[in-house]
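Colleague: Starting off with a structure, shown below.
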Amino acid sequence: MKVLIFSHGGFFYLKTVNENKLHYGKFTVRNENLDNMTKYQIIWRLLYLSLFMISPYGYTENQLFPSTNESIQFEQKQRLESELTQRNLLEKHNVITVDDTFSKHGQDEICFPVDKIQFVGATQLTSKTQTKLTSPYLKHCLTLGEIHKLTKHVTNYYIEQGFITSQAIIPEQDLSSHHLAIQMIEGKIETIEIENSPKRLAHQIFPHQQGKILNLRHIEQGLEQLNRLSSAKYTIDIQPGSQNGYSRIIIHQQGKKWPITGQLNFDNSGMKATGKQLITGGLTVDSPLGFGEQWSVSANTDMDGSTSHHNRYIVANVNVPYGYWSYRYQFYRNSTLQPFYASGQQYRYEGKNTNQQFDVSRLIYRDGKQRLTLQGSLKHKNARTQLASQTLSISSPTLTSLSFTPQYSTALGQGYFTLNPAAEWGISAFGASPDTLAKDSPRSHYRKFSLSSSYQYFFANGLTYLTSFYSQYSPDNLYGIERISIGGQYSVRGYHEQSLSGNRGGYWRNEINKDIANTAIGQLRFIGALDYGFIASDTYHVEHDTLAGGAVGLSFTGNSPIYSQFLLSKPLHYPSQLKPDNWSAYWSVSFSL
1 MKVLIFSHGG FFYLKTVNEN KLHYGKFTVR NENLDNMTKY QIIWRLLYLS
51 LFMISPYGYT ENQLFPSTNE SIQFEQKQRL ESELTQRNLL EKHNVITVDD
101 TFSKHGQDEI CFPVDKIQFV GATQLTSKTQ TKLTSPYLKH CLTLGEIHKL
151 TKHVTNYYIE QGFITSQAII PEQDLSSHHL AIQMIEGKIE TIEIENSPKR
201 LAHQIFPHQQ GKILNLRHIE QGLEQLNRLS SAKYTIDIQP GSQNGYSRII
251 IHQQGKKWPI TGQLNFDNSG MKATGKQLIT GGLTVDSPLG FGEQWSVSAN
301 TDMDGSTSHH NRYIVANVNV PYGYWSYRYQ FYRNSTLQPF YASGQQYRYE
351 GKNTNQQFDV SRLIYRDGKQ RLTLQGSLKH KNARTQLASQ TLSISSPTLT
401 SLSFTPQYST ALGQGYFTLN PAAEWGISAF GASPDTLAKD SPRSHYRKFS
451 LSSSYQYFFA NGLTYLTSFY SQYSPDNLYG IERISIGGQY SVRGYHEQSL
501 SGNRGGYWRN EINKDIANTA IGQLRFIGAL DYGFIASDTY HVEHDTLAGG
551 AVGLSFTGNS PIYSQFLLSK PLHYPSQLKP DNWSAYWSVS FSL
């Protein structure tokens with residue numbers, strides 16, 4: 001792309017040549033301001049105008065600035081990883097099976113008329129539940145076997161609710177009154193101990209559990225919080241306590257490792273203009289303060305080593321668990337630099353995005369098949385795009401928002417399903433840009449609604465099918481960092497250098513994986529993908545467009561800590577102006593240290 005600047009008849013003109021097409025623009029400088037403007041300022045304003053003539057869509061419509069696109073792709077990657085975590089938690093969940101068989105008794109056995117059944121010590125049974133459990137036995141003459149069956153029925157109900165050390169018994173009593181009393185022994189927790197760990201870790205993971213009724217759901221939740229840490233695997237052991245009806249919870253560590261792990265990754269996911277070959281290094285530290293928290297930091301840069309262009313980011317996370325609650329803070333900053341040529345001159349075109357996010361989530365419900373978590377987030381985003389050291393205000397907002405996201409996952413058929421709707425509102429806080437009332441301008445007080453969903457199905461022959469969908473809707477015109485983008489490794493595969501964006505849209509990803517070789521050194525899998533995405537038109541000059549792409553490739557998971565992937569992708573359907581490469585090759589090699 002070339003940009004020529006010339007003047008004629010009191011006007012300055014721009015002529016850009018892009019994809020063998022000519023685009024013209026005109027820029028005037030009022031006489032009273034001409035003396036106060038330097039030649040450099042005039043050229044800079046012309047360069048600013050030229051940015052909106054570079055592509056057929058314009059940066060204000062369907063395409064994004066490079067740093068903004070990098071930030072959105074990072075969010076897309078995190079969304080896919082979050083769905084994977086949801087599915088993995090379901091796959092690892094412990095399911096309790098209960099033996100519900102009862103002995104049969106002869107007809108000649110002595111029976112006792114029962115008109116009323118009363119529970120003693122049953123703090124976990126509501127009146128409605130008590131009626132449901134006992135109604136089949138009321139107004140009947142019950143044999144000892146049938147009374148035993150009733151106690152087993154009540155005990156099994158407790159076990160199904162997670163109270164696995166609770167038991168219903170029949171105390172010694174006189175049944176001549178036709179009243180039956182059932183004594184509940186609700187097993188409680190005497191102590192919780194985590195091997196080779198300070199006491200504060202048990203208080204953090206299992207808060208306020210000592211002396212309470214033992215509920216396996218609470219123990220499983222704590223076990224999940226511990227198993228987020230990569231330095232050890234944790235298992236549960238329930239032993240009798242020193243008091244009758246009490247139990248000791250012992251959490252064992254298995255495969256204890258050094259609490260610091262590292263990751264190193266090489267890939268070619270960068271762009272030609274900012275550096276295609278990338279290297280990423282990461283470090284994770286487990287519970288250095290003894291609260292079960294996890295700290296991580298990773299940094300990425302291109303491998304060109306050029307002073308004229310670069311592509312970099314750094315991201316830091318800290319996750320802190322507390323019972324059913326989880327708290328997370330994330331800091332992300334990226335920087336892109338590329339040359340911009342105009343009238344024989346080279347200018348620096350650079351972008352920097354800084355995102356901060358604080359999440360609070362709580363597990364609301366869980367059983368053997370499904371989970372529901374509610375998450376609230378406070379987000380702060382600061383974008384800065386500069387051309388020739390001058391800030392482009394249209395693409396340099398500061399935004400603050402609040403979001404609410406229910407996260408649901410369940411076992412469904414021979415697979416796992418996730419559903420995550422979200423609502424987000426821009427607010428005036430922490431230096432957010434003021435909301436202008438100019439027509440069609442981007443809003444900082446925006447409203448945005450999205451839906452993310454996935455389903456992974458496991459076939460009997462080792463084939464797996466994964467489908468995922470993401471859509472976004474906003475009645476407002478959004479700044480680029482809040483728009484949806486399609487085209488790339490984490491949305492519609494087949495497009496490496498090109499993408500489309502808008503206020504409304506969605507994408508649908510489909511992927512199959514099949515084991516093709518299990519060797520002594522690792523596992524080789526085939527990957528096939530077919531993706532589709534769309535940008536919906538709106539009243540803010542965003543045009544309707546669609547993309548489709550596919551990919552085939554291989555992945556290798558080694559017995560040693562190595563993972564590699566190679567994908568050959570192809571664009572299948574796209575707007576005629578986009579001009580993507582006919583084929584794109586993506587590769588990555590990762591090492592765990």
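Position 134 of the sequence shown, counting from 1, maps to 134 under full-length UniProt numbering, and the rest follow consecutively. The C-beta atom is built at its ideal place from N, Cα and C for all residues, glycine as well.
1. Under the three-state reduction of DSSP, which class applies to Ser485: helix, strand or coil?
2. Do Gly187 and Gly145 count as a contact pair if the criterion is CB distance below 8 Å?
3. My guess is that Lys89 and Glu224 are in contact by the Cβ rule of under 8 Å, so how many angstroms apart are they, rounded?
4. Spatial neighbours of Phe459 within its chain, please: CB distance less than 8 Å, with the 5 preceding and 5 following residues excluded, ordered by chain position.
5. Can you grab the Cα-Cα spacing for the pair Ala273 / Phe65, in whole Å?
6. In this structure, does DSSP put Gly344 in helix, strand or coil?
7. Determine the burial state of Leu125: buried for a count of at least 16 other Cβ atoms within 10 Å of its Cβ, exposed for fewer.
8. Using only alpha-carbon positions, find the residue among Pro198, Gln456 and Glu350 that is nearest to Leu419.
9. Out of Gly558, Thr398, Phe556 and Thr467, state which residue places its alpha-carbon closest to the alpha-carbon of Asp531.
10. Gly245 by DSSP, collapsed to three states: which one?
11. Taking buried to mean at least 16 other C-beta atoms within 10 Å of its own C-beta, is Val360 buried or exposed?
12. Among residues of its own chain, excluding the 5 on either side of Asn355, which ones have a beta-carbon nearer than 6 Å to its beta-carbon?
13. Looking at the structure shown, is His252 part of a helix, part of a strand, or coil, going by DSSP?
14. Per the DSSP calculation, Ile169 is bridged to which residue(s)?
15. Let me know the secondary structure DSSP gives Ser592 once reduced to three states.
16. Using a Cβ-Cβ cutoff of less than 6 Å, which residues in the same chain neighbour Ile516 once the five nearest sequence positions on both sides are dropped?
17. Which whole-angstrom value is the C-beta distance of Gln338 and Tyr322, which I expect to be below 8 Å?
18. Tell me which same chain residues have a C-beta within less than 7 Å of the C-beta of Ile521, skipping the five on either side of it?
19. For the segment 387–398 and the segment 362–370, state whether three or more C-beta atom pairs, one from each stretch, are separated by less than 8 Å.
20. Just checking my contact of Ser67 with Gly262 at CB under 8 Å: how many whole Å lie between their CB atoms?
21. By Cβ distance, which residues of its chain are closer than 6 Å to Lys132, with the 5 residues on each side in sequence left out?
22. Helix, strand or coil: how does DSSP classify Thr68 here?
23. Along the chain, where does the beta strand (DSSP E) containing Ile279 start, and where does it finish?
24. What is the residue span of the beta strand (DSSP E) that Thr546 lies within?
25. Which stretch, first to last residue, makes up the alpha helix (DSSP H) that contains Lys199?
26. With which residues is Thr398 paired in a DSSP beta bridge?
27. Between Ile249 and Ile219, which are expected to be in contact by the criterion C-beta below 8 Å, what is the C-beta distance as a whole number of angstroms?
Modeller: Looking at the coordinates:
1. Looking up residue 485 in the sequence shown gives position 485. Looking at Ser485 - three-state DSSP - the assignment turns out to be strand.
2. Along the sequence shown, read from residue 1 onward, the residue named residue 145 stands at position 145. Along the sequence shown, read from residue 1 onward, the residue named residue 187 stands at position 187. Cβ atoms of Gly145 and Gly187: not closer than 8 Å.
3. For the purposes of this step, residue 89 is identified with residue 89 of the sequence shown, where counting begins at 1. For the purposes of this step, residue 224 is identified with residue 224 of the sequence shown, where counting begins at 1. What sits at residue 89 in the sequence shown is Leu, not Lys. Confirmed, about 6 Å.
4. Within the sequence shown, numbered from 1, the residue matching residue 459 stands at position 459. So the qualifying residues of the chain are Gln414 and Tyr465.
5. One-based indexing of the sequence shown puts residue 273 at position 273. One-based indexing of the sequence shown puts residue 65 at position 65. Rounded to the nearest angstrom, the two C-alpha atoms are 12 Å apart.
6. As a working mapping, residue 344 is identified with position 344 in the sequence shown. Residue state, collapsed to three classes: coil.
7. Residue 125 sits at position 125 when you count from the first residue of the sequence shown. So Leu125 ends up on the buried side.
8. On the sequence shown, residue 419 is found 419 positions in, with the first residue counted as 1. Of the candidates Pro198, Gln456 and Glu350, the one whose C-alpha sits nearest the C-alpha of Leu419 is Gln456.
9. Position 531 of the sequence shown, counting from 1, holds the residue named residue 531. Ranking Gly558, Thr398, Phe556 and Thr467 by Cα distance to Asp531 puts Thr467 first.
10. As a working mapping, residue 245 is identified with position 245 in the sequence shown. Reduced to three states, the DSSP call for Gly245 is coil.
11. One-based indexing of the sequence shown puts residue 360 at position 360. With fewer than 16 Cβ atoms within 10 Å of its Cβ, Val360 is classed as exposed.
12. The residue you call residue 355 lines up with position 355 of the sequence shown. Answer for Asn355: Tyr332 and Lys381, listed in chain order.
13. For this step, residue 252 is matched to residue 252 along the sequence shown. Strand.
14. Here residue 169 refers to the residue found at position 169 of the sequence shown. Beta-bridge pairing links Ile169 to Gln183.
15. As a first step, residue 592 must be located in the sequence shown, where it is residue number 592. Of the three classes helix, strand and coil, the one that applies to Ser592 here is strand, per DSSP.
16. As a working note, residue 516 is residue 516 in the sequence shown. Closer than 6 Å at the Cβ level, and outside the excluded window around Ile516, lie Leu524 and Phe526.
17. To locate residue 338, count along the sequence shown from 1; it is residue 338. To locate residue 322, count along the sequence shown from 1; it is residue 322. Actually they do not touch by this definition, with Cβ atoms about 44 Å apart.
18. In the sequence shown, counting from the first residue as 1, residue 521 sits at position 521. Taken in chain order, the residues that qualify are Gly558 and Asn559.
19. no
20. Translated into positions along the sequence shown, residue 67 becomes position 67. Translated into positions along the sequence shown, residue 262 becomes position 262. That pair is no contact at about 27 Å.
21. Counting from one through the sequence shown, the residue named residue 132 turns up at place 132. Excluding positions up to five away in sequence, the list is empty.
22. The residue given as residue 68 occupies position 68 in the sequence shown. It is helical.
23. Within the sequence shown, residue 279 is the residue found at index 279, counting from 1. Its beta strand (DSSP E) spans residues Leu278 to Asp286.
24. Here residue 546 is taken as the residue at index 546 of the sequence shown, counted from 1. Asp545 to Gly558 is the extent of the beta strand (DSSP E) around Thr546.
25. Against the sequence shown, residue 199 aligns to sequence position 199. Start and end: Lys199 to Ile205.
26. The sequence position of residue 398 within the sequence shown is 398, counting from 1. Partner(s): Asn382.
27. Within the sequence shown, numbered from 1, the residue matching residue 249 stands at position 249. Within the sequence shown, numbered from 1, the residue matching residue 219 stands at position 219. Indeed they touch by this definition, with Cβ atoms about 6 Å apart.
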